[in-house]
Structures are given as C-alpha cells and as structure tokens.
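Engineer:
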C-alpha cells in the first residue's frame with residue numbers, strides 16, 4: 001500500500017509542481033496518474049522512489065516512511081519503468097532484466113533463470129532474446145524488455161512513467177492488453193503515469209486526475225466518466241475520442257444475450273434458489289410473452305410475497321440502435337449497473353454491462369489505429 | 371585482421387623508403403645517418419610520444435571525468451572551449467615556449483607534447499561521459515544503483531569507446547608533433563629532419579619523416595584494435611559511426 005500525505009514539491013526556481021497531494025493506493029491496485037503535461041504527475045511518481053526529493057509531506061509504503069529507508073534499497077524494492085526505457089546498451093537483454101537481482105546479489109544462475117521467466121512472461125522467446133543487445137531489438141521489443149526489467153526482482157510495487165508512450169499505437173494496444181493480463185496474475189501495486197485518457201480508462205482500477213499540481217478527482221474510470229467533478233475533468237474526459245467513440249457505437253454491437261431470465265409468475269422461493277445457485281444479485285424479469293418488466297434483486301426477495309412485489313421497474317431501457325454514450329448514462333443510473341436492450345415488441349434481446357463496453361472500446365481502438 | 375592489411379602495407383612502404391635513403395650513404399658532401407642512428411632516433415621519438423601520452427592519459431582522463439560531474443559542469447563547458455582554443459596555438463610556438471622555459475632536451479619536449487596530447491583526451495572523456503543518455507542514467511538510478519555503481523557500471527563502460535578514441539587521436543597527433551618537438555629539443559626523428567632542412571638535403575628529411583609516418587600509422591592501427599576491444603559488444607554496430615564522428619581528423623601534422 002502506498003500512501004501520499006500532503007505531498008508538496010517546490011523546485012528551486014520556485015515552481016510549485018505538486019501541491020498538497022494526498023491519496024492512497026491500496027494493495028494490488030492499478031492507479032493511473034492522469035493529466036496534461038506539467039500537471040505534476042511524473043513529479044509525484046518520482047517522489048515515490050525518491051528520484052525527486054520531497055519538499056513537504058511524506059510517503060508511506062506499507063506504513064513505513066520512505067525517507068527513513070536507505071534510498072538505494074528502497075528503489076530496489078520498487079520496479080521502475082520509463083517512457084524512454086533506458087535499457088543499458090552495453091548489456092545483453094538478460095543482463096538488463098537481471099539488473100536489480102544483480103544489485104541484490106542473487107546468485108548468477110538465479111539471475112539468469114529469472115531473466116528467462118520474465119522474457120517468457122512478456123512474450124519473448126528467451127532462447128532467441130536472452131543474449132541479444134538492445135540495439136538489436138525493435139521498439140516494441142525494447143519496451144517489453146523494459147517491463148520485464150522493472151519486474152526483475154519481483155517487487156511488490158511498480159512505478160511506470162508512460163511505459164508504452166514511445167511506440168506505435170498498434171503495438172501499444174497490444175502491450176497494454178498483455179500487461180493487463182500480467183497484472184491480473186501478479187497483482188502488483190502500480191502507480192502509472194499517462195496523459196492519454198484512453199490508456200487511463202483501459203488500464204486503471206483508479207484514476208488520479210491532476211491539474212497544476214493538484215489532485216482534481218480520484219475515482220475509478222466509470223465514475224470519472226459519469227460524474228466528472230468539474231469543468232476541467234469534463235473537458236479532459238469529454239474532449240476525448242473514447243466518448244466520441246461511444247457515440248459511434250450502438251447497443252447491439254456490445255450487448256450480450258440474456259443468459260438467465262425469470263418469469264414474473266414464478267415463486268419467490270424458486271427465484272431465491274436460482275439466484276443463489278448462480279451467485280447473482282439480480283435477474284431480469286419478463287411476463288408471459290417474454291416482454292421485459294424490470295429487475296428482481298436478491299435483497300428484495302427475502303421480504304417479498306410475490307415476484308411482482310419485489311420487482312424494480314427499469315428506469316430506462318435501450319433499443320438495439322441506442323448509441324453507447326446514452327446507454328452508458330442509463331447504466332450509471334441503473335440499480336443493477338446493467339441496461340436491458342429491448343426490441344420494438346419490448347422483448348428482451350440483450351444486456352449491456354460496463355465491462356462489455358470497455359472490452360469493445362479496447363477492440364475498437366485497435367481497428368481504428370490499424 | 372583485415373583492418374591491419376592497409377596500415378601494414380603502408381608502414382612497410384615507408385620503411386622501404388627509409389631503407390633506401392639510408393642505403394645512399396652520402397648525398398653530395400653530406401653523410402646520411404646509418405641504420406643504427408635511425409633506430410636510436412626512432413626509439414627516442416617513440417619514447418617521447420609514449421612518455422607524453424602516458425602522462426596525458428593519467429592526467430586527462432581523470433580531469434575529463436571530474437569536469438563532467440554535475441557539480442563541476444560549470445567548469446566543464448569553459449574548459450572545453452579552452453581546449454579548443456589550446457589546439458589553435460601553433461605547435462611550434464608552444465614548443466618554443468616550453469623549451470625557453472625548461473631548456474631544450476627530452477624533458478622540455480615531453481612537457482610540450484603533454485599539453486597537446488591532453489586536449490583530445492580531456493575533451494573526449496568529457497564528451498563521452500556527457501553523451502550517456504539521461505534516460506539510461508535515470509533508469510540506473512531509479513532501479514537502485516548507488517552513485518558509484520551508476521558511474522562504474524553504466525557511465526564508464528558507455529563512455530569508454532569515446533575515451534579510447536580520444537587517446538588514439540591524441541597519440542597519432544602526438545607522433546607528428548613529436549617531430550616538431552624533436553626539432554627544438556634536438557631529439558628523435560625531428561633532429562634528422564631539422565638537419566636535413568638546415569643543409570637542404572631532401573633525402574635526409576625523408577629519412578626522418580618516413581619512419582615518423584610509419585610510426586603514426588602503426589600506433590593508430592594498434593590503438594584501433596584496442597578501441598575495438600574496449601568497446602562493449604552491444605555498442606559495436608552503433609559505435610563505428612560514433613567514434614568516427616568523435617575522433618578528430620588525424621593528420622600527421624608537422625611532418626614536413
């Protein structure tokens with residue numbers, strides 16, 4: 001866990017780069033520092049591993065003040081990847097990846113084995129790449145090695161400063177996706193800097209949006225999109241093509257067929273059993289003609305005598321041709337976080353969830369860039 | 371070893387010319403120095419070059435390194451400007467000055483040469499260290515290398531080819547300058563050349579100049595090998611351009 005407390009940075013020329021920044025990144029969380037250039041996001045990141053000294057405030061990692069630790073040892077326990085990668089040109093790929101293990105005096109064969117594992121992890125065949133030099137790799141491959149290197153000694157925390165910034169969009173999307181898969185497995189605590197809202201929304205569990213050294217909004221991507229705190233956030237988020245992209249997509253492109261529906265005349269007991277079996281907290285309800293009526297929520301069932309009584313009518317429903325930006329705002333107003341998609345006869349043809357939208361957006365980005 | 375063929379052929383040709391001049395015995399009323407005299411002069415010449423070069427390396431690399439440090443950068447830039455100006459001082463003038471100050475002879479010649487030999491070494495060391503990409507240094511530091519580790523594991527290995535290129539330039543220039551120093555100090559091949567000039571005997575001048583040129587070519591070839599050997603493998607492809615760019619032109623100046 002990383003905790004920034006009233007963090008302030010004043011450079012020697014008087015510029016206040018970071019102003020009283022407080023936030024907490026919990027264990028296993030992927031936190032994106034987002035904002036226009038000069039907003040203090042990189043400065044904040046570099047204060048975590050003390051590449052930039054803190055003017056005021058403090059940073060705690062698992063409750064320990066970073067100032068109280070030996071700076072080199074602190075850094076060896078924090079993975080660090082930067083946009084310009086900074087691979088050591090005079091060392092092989094394997095030696096580059098084993099930089100921190102070497103500093104930590106791991107035995108030789110363990111260093112090499114670790115490099116092998118990590119190359120596998122980032123999708124580069126170790127036999128081919130172990131003994132190559134950085135100058136022999138493509139930009140995307142160098143970036144992969146950069147990621148592998150920051151994982152070198154398996155640090156619990158990663159600091160990444162636009163690690164996918166310097167590569168072409170297609171490779172970038174691919175690496176982002178692969179890195180998300182890696183993160184799913186490794187569950188690192190990550191502080192990740194970017195100015196790219198697409199990347200922030202795609203990658204982050206939470207987004208810390210900064211402006212002029214101040215934290216403007218700290219929220220998960222859905223909240224940031226749905227409830228921008230002020231005009232700046234709205235502009236920053238809204239000016240982007242993710243939302244423009246949403247307008248271009250229709251509900252039918254993203255919806256998933258309803259796997260499970262409940263007839264309104266079923267018994268309450270049946271509904272409870274069904275929901276508990278499937279570990280669902282809600283289910284769409286239909287009438288005898290298959291027309292959508294609303295949601296049955298598990299928590300309403302215990303006190304209800306019939307399903308009709310427990311029914312929560314849907315505030316709004318979408319049609320297959322409803323644009324996704326509209327569907328998304330419906331979704332955020334919906335009790336279940338889902339939107340029902342109905343055809344002209346009010347028959348339930350699909351369900352929309354935030355996860356599905358995110359997935360399609362990621363795919364859509366790729367085809368756009370290609 | 372293909373890179374050695376051209377220098378070896380050239381050096382042999384120059385030595386052939388020397389042998390030819392030596393075999394003449396006399397030109398007009400003048401006696402041409404014998405083999406052993408040419409050898410002694412060549413040996414003196416080489417010791418002059420190596421002594422000056424050795425001192426220049428011992429002084430120049432640390433100085434270049436120190437002024438490349440962040441705390442001393444303010445010295446670095448003006449010093450580099452100064453070394454550039456230093457190289458514009460005519461060789462003859464500087465050597466004349468050192469011989470006036472220190473008298474003629476081997477020691478005065480070494481001091482004069484040292485000043486010249488220092489310049490490319492200081493400059494290349496400084497440039498080599500400064501040329502290490504800030505991203506690479508930041509990555510090294512960010513991963514937890516101590517200051518000393520950043521220097522010893524990253525900066526120095528990356529700067530090494532440029533530093534060696536500086537030594538190579540310095541050495542080759544030095545062979546030529548040593549001929550001029552010899553004219554003043556009365557040692558080495560410069561002495562043969564001076565005599566040749568003063569009595570206006572072309573063969574005598576050639577007899578001194580040809581072995582000096584051969585020496586420059588051979589030393590350059592040897593240092594070329596050293597440079598290659600000292601260049602980390604990962605830099606080799608990129609480096610062939612880099613050192614070519616950094617290394618100054620290497621005329622055997624002062625040979626005529």
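Chains as they are written, first to last, in the numbering used here: chain A, 1 to 370; chain B, 371 to 626.
Even glycine gets a Cβ: it sits at the ideal position worked out from N, Cα and C.
#1: List the residues of chain A that residue 605/B touches, going by C-beta distances under 7 angstroms, in chain order.
#2: Just the C-alpha distance for residue 39/A and residue 210/A, rounded to the nearest angstrom, thanks.
#3: Would you mind sorting residue 370/A into buried or exposed? The rule is 16 or more other CB atoms within 10 Å of its CB.
#4: Mind listing the chain A neighbours of residue 516/B? Cutoff is C-beta to C-beta under 8 angstroms, in chain order.
#5: Please name the residue or residues paired with residue 353/A in a DSSP beta bridge.
#6: Ends of the alpha helix (DSSP H) at residue 541/B?
#7: Leaving out five residues on either side along the sequence, give the residues of the same chain with a beta carbon under 6 angstroms from the beta carbon of residue 214/A.
#8: Can you pull the chain A neighbours of residue 403/B, defined as C-beta to C-beta under 8 angstroms?
#9: Run through the stretch 122-190 of chain A for me and flag every whole alpha helix (DSSP H) of 4 or more residues, listed as ranges in chain order.
#10: Could you have a look at residue 417/B and say whether DSSP puts it in helix, strand or coil?
#11: Quick check on this structure: which residue in 514/B, 380/B, 375/B and 402/B has the alpha carbon closest to the alpha carbon of residue 576/B?
#12: Where does residue 46/A land, buried or exposed, given buried means 16+ other C-beta within 10 angstroms?
#13: Within the same chain, show all residues whose beta-carbon is closer than 6 angstroms to that of residue 42/A, passing over the 5 residues directly before and after it, in chain order.
#14: On a Cα-Cα basis, can you pick out the residue from 129/A, 341/A, 147/A and 57/A that is closest to residue 286/A?
#15: Let me see if you follow: with CB-CB separation under 8 angstroms, is residue 370/A close to chain B or not?
#16: Among 148/A, 84/A and 126/A, which one has its Cα closest to the Cα of residue 139/A?
#17: Who are the near neighbours of residue 122/A in its chain, counting only those whose CB is closer than 6 angstroms to its CB and skipping five residues on each side?
#18: Please return the same chain residues whose Cβ sits closer than 6 angstroms to the Cβ of residue 353/A, not counting the five positions on each side in sequence.
#19: Between residue 48/A and chain B, is any beta-carbon pair separated by less than 8 angstroms?
#20: Less than 8 angstroms separating the beta-carbons of residue 54/A and residue 189/A?
#21: Out of 332/A, 302/A and 288/A, point me to the one whose CA is closest to residue 273/A's CA.
#22: Name the residues in the stretch 98-121 of chain A whose C-beta lies less than 8 angstroms from a C-beta of chain B; which are they?
#23: Assign residue 455/B to buried or exposed, taking buried as 16 or more other Cβ atoms, counted over all protein chains shown, within 10 Å of its Cβ.
#24: Based on the DSSP output, what are the partners of residue 263/A in its beta bridges?
#25: Under 8 angstroms by Cβ, that's how I've got residue 320/A and residue 250/A pegged, so tell me the actual separation to the nearest angstrom.
#26: Would you list the one or two residues that DSSP bridges to residue 65/A?
#27: May I ask you to list, following chain order, the residues of the stretch 122-149 of chain A that have a beta carbon less than 7 angstroms from some beta carbon of chain B?
#28: Within its chain, find whatever has a CB closer than 7 angstroms to the CB of residue 395/B; leave out the 5 residues flanking it on each side and keep chain order.
#29: In chain order, what residues of the same chain lie with their CB nearer than 7 angstroms to the CB of residue 562/B, ignoring the 5 residues before and after it?
#30: Do residue 92/A and residue 133/A have their CB atoms nearer than 8 angstroms?
#31: Applying the criterion that 16 or more other CB atoms from any shown protein chain within 10 Å of the CB defines a buried residue, is residue 270/A buried or exposed?
#32: Tell me, please, which residues DSSP counts as bridged to residue 39/A.
#33: What residues in its chain sit with their C-beta under 8 angstroms from that of residue 333/A, if we drop five residues either side in the sequence?
#34: With the cut-off set at 8 angstroms, would you say residue 159/A and residue 246/A are in Cβ contact?
#35: Considering just the uninterrupted stretch of the beta strand (DSSP E) at residue 561/B, what are its terminal residues?
#36: Buried or exposed, going by whether 16 or more other CB atoms sit within 10 Å of the CB of residue 459/B?
Structural biologist: The relevant details are as follows:
#1: Ordered by position in chain A, the residues that pass the 7 angstroms Cβ test against residue 605/B are 89 and 90.
#2: Residue 39/A and residue 210/A: Cα-Cα distance of roughly 6 angstroms.
#3: With a pLDDT of 33 at residue 370/A, under the threshold of 50, the modelled position of this residue cannot be trusted; read the value that follows with caution. Exposed.
#4: Here the neighbours are 72.
#5: Partner(s): 338/A.
#6: From DSSP, the alpha helix (DSSP H) with residue 541/B extends over 526-555.
#7: Here the set comprises 19.
#8: What residue 403/B touches in chain A: nothing, since even the nearest Cβ is about 49 angstroms away.
#9: Listed in chain order, they are 126-129, 139-150 and 169-186.
#10: In the structure shown, the three-state DSSP call for residue 417/B is helix.
#11: Cα-wise, what sits closest to residue 576/B is 402/B.
#12: Its Cβ being crowded by 16 or more others within 10 Å, residue 46/A is buried.
#13: Spatial neighbours of residue 42/A in its own chain (CB-CB distance under 6 angstroms, excluding positions within 5 residues in sequence) are listed in chain order as 161 and 193.
#14: Checked all of 129/A, 341/A, 147/A and 57/A; the closest Cα to residue 286/A is 341/A.
#15: For residue 370/A, the pLDDT reaches just 33, beneath the cut-off of 50, and the residue's location in the model is therefore unreliable, although a value from the coordinates is still provided. Judged by the 8 angstroms Cβ criterion, residue 370/A is not in contact with chain B.
#16: Among 148/A, 84/A and 126/A, the Cα nearest to that of residue 139/A belongs to 84/A.
#17: Correct list, in chain order: 144, 147 and 148.
#18: Answer for residue 353/A: 338, listed in chain order.
#19: Chain B, which has no Cβ nearer than 8 angstroms to the Cβ of residue 48/A, makes this no.
#20: For the pair residue 54/A and residue 189/A, the CB atoms are not nearer than the 8 angstroms cut-off.
#21: Nearest C-alpha to residue 273/A: 302/A.
#22: Those residues of the stretch 98-121 of chain A placed with their C-beta closer than 8 angstroms to a C-beta in chain B are 99, 100 and 103, ordered along the chain.
#23: Result: exposed.
#24: Answer by DSSP bridge pairing, in chain order: 286/A.
#25: That pair is a contact at about 7 angstroms.
#26: Per DSSP, 60/A.
#27: Residues of the stretch 122-149 of chain A with a Cβ closer than 7 angstroms to any Cβ of chain B, in chain order: 133, 134 and 135.
#28: Hits under 7 angstroms: 402.
#29: 403, 411, 574, 577 and 578.
#30: Going by C-beta atoms, residue 92/A is nearer than 8 angstroms to residue 133/A.
#31: Counting Cβ neighbours within 10 Å, residue 270/A comes out exposed, since fewer than 16 surround it.
#32: Beta bridge pairing from DSSP links residue 39/A with no other residue.
#33: Around residue 333/A: 315 and 316.
#34: The answer is no: Cβ separation not under 8 angstroms.
#35: Unbroken run through residue 561/B is the alpha helix (DSSP H), 558-569; no beta strand (DSSP E).
#36: When all chains shown are included, residue 459/B counts as exposed.
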